[in-house]
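**Q** Sharing a structure below in structure tokens format, with a few things to ask.
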Amino acid sequence: VTKQDLAGLTVAVSTGGTREPIDPVRHLGNRSSGRQGVAVARAAAERGARVRLVAAHVDEGVLTDALHPRIEIARVSTAAELRQSMHAAADGADVVVMVAAVADYRVAQVSDHKLRKEDGAPVLELVENPDILAELVAAREPGQTVVGFAAETADSEDELLERGRRKRSRKAVDLLVVNRVSHDRGFESADNDVTLVDAHDEVVSHAAGSKRLVADTLWNEVVSLRR
Ligand code: C5P
Numbered sequence: 173v174t175k176q177d178l179a180g181l182t183v184a185v186s187t188g189g190t191r192e193p194i195d196p197v198r199h200l201g202n203r204s205s206g207r208q209g210v211a212v213a214r215a216a217a218e219r220g221a222r223v224r225l226v227a228a229h230v231d232e233g234v235l236t237d238a239l240h241p242r243i244e245i246a247r248v249s250t251a252a253e254l255r256q257s258m259h260a261a262a263d264g265a266d267v268v269v270m271v272a273a274v275a276d277y278r279v280a281q282v283s284d285h286k287l288r289k290e291d292g293a294p295v296l297e298l299v300e301n302p303d304i305l306a307e308l309v310a311a312r313e314p315g316q317t318v319v320g321f322a323a324e325t326a327d328s329e330d331e332l333l334e335r336g337r338r339k340r341s342r343k344a345v346d347l348l349v350v351n352r353v354s355h356d357r358g359f360e361s362a363d364n365d366v367t368l369v370d371a372h373d374e375v376v377s378h379a380a381g382s383k384r385l386v387a388d389t390l391w392n393e394v395v396s397l398r399r
């Protein structure tokens, strides 16, 4: 049996990619599969936590891994919906993990009718979405641990770490999972390659392999920093 080292904890996890509507039939989206966040939720549940999983758009079949008696799932679509659900999920949670790929921008004026070709090529004005992770950090409750993810491309390991450290301090999270994105790692892939940076900007661990391995490495670190 799995070690129940998260028993008694309530954790909130977001996953998947948000979709920002353009008109009734179109959206701006991203390639997030939702696999990593679901693996984080599943690992937590198997280690004894109660999990509130906020799932934006995920690939077909991915949510079946989240079917567990201790995982409660809320489905959302846009960044605005994810924001509302994550604030609710974070309320009273011991640990908050933002894995979702939140769109940085949304369309300023969503058309109430389908944009037609006859009207010519549309010019979409974009406006920035709120940084949900930054809001969750600002609203952090006493004793609450907040974890962020950062997908980065980099030419070298040093550059990756430098970017990771800078983002960790900018986001003020307790732990940042720096995710190397390349042709065979990260998005849409079964495997992941991550480096964990703590609140002192120290590299505390590294994991390369399945998204479940990455999830367990994250929870090991959360357990050790909450001790
Ligand atoms: O700055 P960047 O987008 O790389 O940060 C990624 C982290 O911030 C992830 O944990 C992601 O879930 C979160 N995020 C967010 N709200 C946004 C953009 C990103 O919570 N609007």
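When you read off a place in the sequence shown, starting at 1, and then add 172, the result is the number in the UniProt record's numbering. Where a beta carbon is used, it is the ideal one built from N, C-alpha and C, also for glycine.
1. If I follow the unbroken beta strand (DSSP E) through T367, where does it start and stop?
2. Quick check: what's the CA-CA separation for V319 versus V183?
3. Check H259 in the structure and name its three-state DSSP category.
4. Kindly indicate which residue of L225, R384, T367 has the alpha-carbon position closest to the one of V185.
5. With respect to the beta strand (DSSP E) encompassing G381, which residues constitute its N-terminal and C-terminal limits?
6. Which residues mark the beginning and the end of the beta strand (DSSP E) in which V318 is found?
7. What do you get for Q208, buried or exposed, if any count of 16 or more other CB atoms within 10 angstroms of its CB means buried?
8. Cα separation between V271 and D231?
9. Mind reading off the beta-carbon distance from I304 to L254? Whole number of angstroms is fine, and I expect it under 8 Å.
10. Whose CA, out of V345, I194, V210, V295, lies closest to the CA of H372?
11. Residue range of the alpha helix (DSSP H) that S307 falls in?
12. If you measure from each residue's Cβ to the nearest non-hydrogen atom of the ligand C5P, which ones come out under 5 Å, in chain order?
13. Only counting the same chain, and skipping five residues up and downstream in sequence, which positions put a Cβ closer than 8 Å to that of A311?
**A** Straight from the coordinates:
1. 363 to 370
2. 11 Å
3. helix
4. Considering only alpha carbons, the answer is L225.
5. 375 to 382
6. Going by DSSP, V318 is part of the beta strand (DSSP E) stretching over 317 to 324.
7. buried
8. 15 Å
9. Contact flag correct, Cβ pair sits at about 7 Å.
10. Comparing alpha carbon positions, the residue from V345, I194, V210, V295 closest to H372 is V345.
11. The residue asked about is misnamed: residue 307 is Glu in this sequence, not Ser. Run containing E307: 304 to 310, per the alpha helix (DSSP H) assignment.
12. Counting every residue whose Cβ lies closer than 5 Å to a heavy atom of the ligand C5P, we get M270, A272, V274, N301, D303, I304, L305, G320, F321, A322.
13. H259, A262
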